[in-house]
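Numbering (full-length UniProt numbering), first residue to last: 242 to 608.
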Ligand code: G6P
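Encoded structure:
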C-alpha cells in the first residue's frame, strides 16, 4: 500500500472508493467462493458456545451491533454487546460457555483493550477483529480475525467498518454451519449473495455519487439531521449520524425507526431532514408508516432504499437514493456507501478538515 491520496481530495474519499477492492479481498480470506462455503473458524469453538460478548468503540461498535443481529439470526447464538467503556462496569457474569469478540480498527483503543484484559483475567476465550495485525489487541487475543482494509488514515472510519462487517458476516455464516443452524443450501445462498454484493459495490459508488453530492449541498444548510432504520439498518442509522456529526459538525442523531414516536417526533419540522435507511425487506412497511408520520408533520425525507422500495412509496421525498436489490446479509455493506458519502460530501461543502476533524483522534489510547 502506498499511503497517499492518489487522485482524491481527501484520504476519506480515497478510502470510501477503495471499499470494493478491500471488501473483496477481506471476504476472500474468510469465504471459499469456489466451494460456496464459509471457511471454518479456528481458535473459537462456536459450536459449543452458549453466548458471545462483543465490545468495541465508535464505528467498530456499530459493526458489532450489526453482527449481533447476524449471530443471533443465523447461528442462534445469543450476543451481549456493549460499548467497551461500559462493559466492565455492569459486571456481567462471565460464566458458562462463552467467548468474547473485540472489534477495533487500530487494535489499540484503551477502553477496548481494558475490556479484553478483564475478560481474559476471567478466563474467557478472546477473539479480535482488527485491522492492524501487530497491534496490542491482536497480540493479546486467542484468535485473530484480520480485516484486510489496508492502512486507514482518515479519522472517520469507512473501509475498516465495511471490512469489519465482511469478517463478521463470514464468521456468522461459519458459526451457523458449526452450530447446525444453517443448511448447506442456506450457506450457499448467502455466499452467492456476497459474491453479487461485492460485484456491484464499485458501480453503486459511481452511480450514487452525483445525487449524493447534490443532496449534501442542501444538507449542509441544516443544523440537525435525524437518521432512522430498523433491524440491521438501525445500527447503520447510528453510524450515519456519527459520521455526519464527526466530520461536518452538524448535529445528528440515529434512532430505531420504531422509537420515532417515543421522542424525536417532537422535533420534526422542515428544519430537520430525516434520512431513512429502508431496503424493501420484511420491515419496510413499518418504516414507511414512520415516514408518513414524518411527512404529516412537514418533515423532509431522504429515502435510501432499493428499486422495489422506491416504487412502492408515493411519499414526496427531498431525495431518494436507489440501490440494487440485495440479500439481507449484504445490505449493511451496500447501505454503508451512501451513508459515508453523505457525511463526506456534506463536510466538504461545510469546508471542514475532513481527514482531521477537530477534537477527534484516529486512535484513542486513554480511557
Ligand atoms: C476513534 C475513531 C473512530 C473509531 C473509534 C474506535 O473514535 O475516530 O473512527 O471507530 O476510535 O477505534 P478502533 O481503532 O478501536 O476501531
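All C-beta atoms, glycine included, are put in the ideal place defined by N, C-alpha and C.
Rounded C-beta distance between residue i and residue j? I'm assuming under 8 Å.
i: residue 477; j: residue 573; result: 6 Å
i: residue 272; j: residue 435; result: 7 Å
i: residue 582; j: residue 453; result: 5 Å
i: residue 397; j: residue 598; result: 7 Å
i: residue 404; j: residue 282; result: About 17 Å; that fails the 8 Å criterion.
i: residue 497; j: residue 466; result: The Cβ separation is near 16 Å, so there is no contact.
i: residue 316; j: residue 388; result: That belief does not hold up - the Cβ atoms of residue 316 and residue 388 are roughly 20 Å apart, past 8 Å.
Between which residues of its own chain and residue i is the CB-CB distance below 6 Å, once the five residues before and five after are set aside?
i: residue 350; result: 298, 605
i: residue 518; result: 470, 474, 477, 478, 545, 576
i: residue 547; result: 520, 521, 564, 566
i: residue 431; result: 414, 570
i: residue 558; result: 542, 544
i: residue 338; result: 289, 290, 291
i: residue 468; result: 478, 481, 482, 495, 516
i: residue 411; result: 271, 272, 279
Please work out which residues of its chain come closer than 7 Å, Cβ to Cβ, to residue i, disregarding the five sequence neighbours upstream and downstream, and give them in chain order.
i: residue 539; result: 510, 511
i: residue 285; result: 340, 366, 368, 384
Between the Cα of residue i and the Cα atoms of the options, which residue gives the shortest distance?
i: residue 304; options: 499, 445, 548, 399; result: 399
i: residue 292; options: 340, 379, 557, 528; result: 340
i: residue 253; options: 422, 425, 402, 288; result: 402
i: residue 250; options: 594, 362, 306; result: 594
i: residue 330; options: 319, 277, 352; result: 352
i: residue 371; options: 601, 497, 385; result: 385
i: residue 358; options: 374, 378, 373; result: 378
i: residue 261; options: 321, 438, 423; result: 438
i: residue 424; options: 279, 592, 536, 263; result: 279
i: residue 380; options: 388, 369, 286; result: 369
i: residue 319; options: 497, 416, 408, 523; result: 416
i: residue 561; options: 508, 523, 514; result: 514
i: residue 246; options: 383, 283, 596, 440; result: 596
i: residue 552; options: 534, 536, 525, 568; result: 525
i: residue 503; options: 383, 534, 409; result: 534
i: residue 406; options: 556, 600, 301; result: 301
i: residue 363; options: 373, 375, 374, 332; result: 332
Hey, is residue i close to the ligand ATP, as in C-beta under 8 Å from one of its heavy atoms?
i: residue 256; result: Here the bound small molecules are the ligand G6P; the ligand ATP is not part of this structure.
Given residue i, which residues of its chain have a CB within under 8 Å of its CB, disregarding the five upstream and five downstream residues?
i: residue 608; result: 326, 351, 352, 355
i: residue 499; result: 471, 527, 531
i: residue 428; result: 277, 278, 279, 414, 417, 418
i: residue 463; result: 491, 512, 513, 514
_Could you tell me which whole alpha helix (DSSP H) segments of length 4 or greater appear in the UniProt domain "SIS" (281-422)?_
299-316, 325-328, 351-362, 377-380, 400-419
*Does the stretch 264-277 come within contact of the stretch 306-321, defined as at least 3 CB pairs closer than 8 Å?*
As far as the Cβ criterion goes, the stretch 264-277 does not touch the stretch 306-321, which means the pair count is below three.
*Counting Cβ pairs closer than 8 Å, one from the stretch 487-502 and one from the stretch 584-595, do we hit at least three?*
With the cut-off at 8 Å, the stretch 487-502 and the stretch 584-595 touch.
*Report yes or no: do three or more beta-carbon pairs, one from the stretch 290-308 and one from the stretch 452-461, lie closer than 8 Å?*
no
*Is it a yes or a no for the stretch 252-264 touching the stretch 564-584, going by three-plus beta-carbon pairs under 8 Å?*
Output reads yes: the stretch 564-584 touches the stretch 252-264.
*Which ranges does the beta strand (DSSP E) cover as unbroken runs of at least 3 residues, wholly within the UniProt domain "SIS" (456-598), from first to last along the chain?*
465-470, 492-497, 515-518, 542-547, 560-564
*Say whether the stretch 446-454 touches the stretch 341-361, bearing in mind that this needs 3 or more beta-carbon pairs closer than 8 Å, one atom from each stretch.*
At 8 Å Cβ cutoff, the stretches do not touch.
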